[in-house]
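Peer 1: What follows is a single structure, and I will ask about it in a moment.
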């Protein structure tokens, strides 16, 4: 399991609000996802607009079943929402390499059993006409996570249940085969 050390710059109040939601969510996911595979990277990204007086923070976790070439890689983006009490969780699972149309559809159909609203898109990189040097498919989905409004046992159980279901679903998705 990774030990998280996060450094935030900016106004103290903003840091504390961001730190609370993002850090807590990251710590929870770190523990839960470690039961399903390996977190290979955690990145904190902060962007400040020079035009608008806004700052956004994002945490990106990279997750795999095992560190083996050719295995799917999941990237989990955590975006703090303006209310500072919720995060958008965006998940992308990428399979590198050329797959037949039948294999792509098979993976997608399996994934839709786990997460019905999951989408499929393809990425190709060409250096010459009709010669793809890189190919991959990406399954993606997103959802919103809100901090429990109260510290009641019921609210905390609901929060923990949501994160547990997410980690189990992601564990299933990274194990899909063509």
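Residue numbers (the UniProt record's numbering): 1 to 178.
Beta carbons are placed, not taken as given, at the ideal position from N, Cα and C, and that holds for glycine.
#1: Is the separation between the beta-carbon of residue 117 and that of residue 137 shorter than 8 Å?
#2: In angstroms with no decimal places, state the Cα-to-Cα distance between residue 129 and residue 78.
#3: Hey, which unbroken runs of the beta strand (DSSP E) at 3 residues or more fall wholly within the segment 78 to 157?
#4: Quick check: what's the CA-CA separation for residue 58 versus residue 135?
#5: State buried or exposed for residue 37, treating a residue as buried only when at least 16 other CB atoms are found within 10 Å of its CB.
#6: Using the beta-carbon count (16 or more within 10 Å), is residue 111 buried or exposed?
#7: Rounded to a whole number of angstroms, what is the C-alpha to C-alpha distance between residue 13 and residue 159?
#8: Taking 6 Å as the limit between beta carbons, can you name the residues of its chain near residue 90, skipping five residues before and five after?
#9: Enumerate, from N- to C-terminal direction, the unbroken alpha helix (DSSP H) stretches of 4 or more residues contained entirely within the segment 22 to 57.
#10: Could you have a look at residue 181 and say whether DSSP puts it in helix, strand or coil?
#11: Among all the DSSP beta bridges, which residues are the ones paired with residue 61?
#12: Kindly indicate which three-state DSSP category residue 71 falls into: helix, strand or coil?
#13: Leaving out the 5 sequence neighbours to the left and right, which residues in its chain are closer than 6 Å to residue 56 when beta-carbon positions are compared?
#14: Applying the 10 Å Cβ sphere with the 16-neighbour rule, what's the burial state of residue 126?
Peer 2: Put simply:
#1: What you label residue 117 is simply residue 117 of the chain shown in a count that begins at 1. What you label residue 137 is simply residue 137 of the chain shown in a count that begins at 1. Against a cut-off of 8 Å, the Cβ pair of residue 137 and residue 117 comes out as no contact.
#2: Taking the first residue of the chain shown as position 1, residue 129 is located at position 129. Taking the first residue of the chain shown as position 1, residue 78 is located at position 78. The alpha-carbon atoms of residue 129 and residue 78 are separated by roughly 37 Å.
#3: 86 to 96, 119 to 128 and 131 to 146
#4: In the chain shown, the residue the question calls residue 58 occupies position 58. In the chain shown, the residue the question calls residue 135 occupies position 135. Computed Cα separation, rounded: 27 Å.
#5: As a position in the chain shown, residue 37 is number 37, starting the count at 1. Buried, because 16 or more other Cβ atoms sit within 10 Å of the Cβ of residue 37.
#6: Taking the first residue of the chain shown as position 1, residue 111 is located at position 111. Label assigned to residue 111: buried.
#7: As a working mapping, residue 13 is identified with position 13 in the chain shown. As a working mapping, residue 159 is identified with position 159 in the chain shown. Unreliable placement is indicated for residue 13, whose pLDDT of 43 sits below 50; the coordinate value is still reported in the next sentence. Roughly 24 Å between the two C-alpha positions.
#8: Here residue 90 is taken as the residue at index 90 of the chain shown, counted from 1. Excluding positions up to five away in sequence, the list reads 77 and 142.
#9: 24 to 33
#10: Outside the displayed range of the chain (1 to 178) lies residue 181, so it cannot be described from this structure.
#11: Numbered from its first residue, the chain shown carries residue 61 at position 61. DSSP, once it has assigned bridges, lists 42 and 76 as partnering residue 61.
#12: In the chain shown, residue 71 corresponds to position 71, counting from 1. In the structure shown, residue 71 sits in coil (DSSP, three-state: anything other than H, G, I, E or B).
#13: Counting from one through the chain shown, the residue named residue 56 turns up at place 56. Answer for residue 56: 47, listed in chain order.
#14: For the purposes of this step, residue 126 is taken as the residue at position 126 of the chain shown. With fewer than 16 Cβ atoms within 10 Å of its Cβ, residue 126 is classed as exposed.
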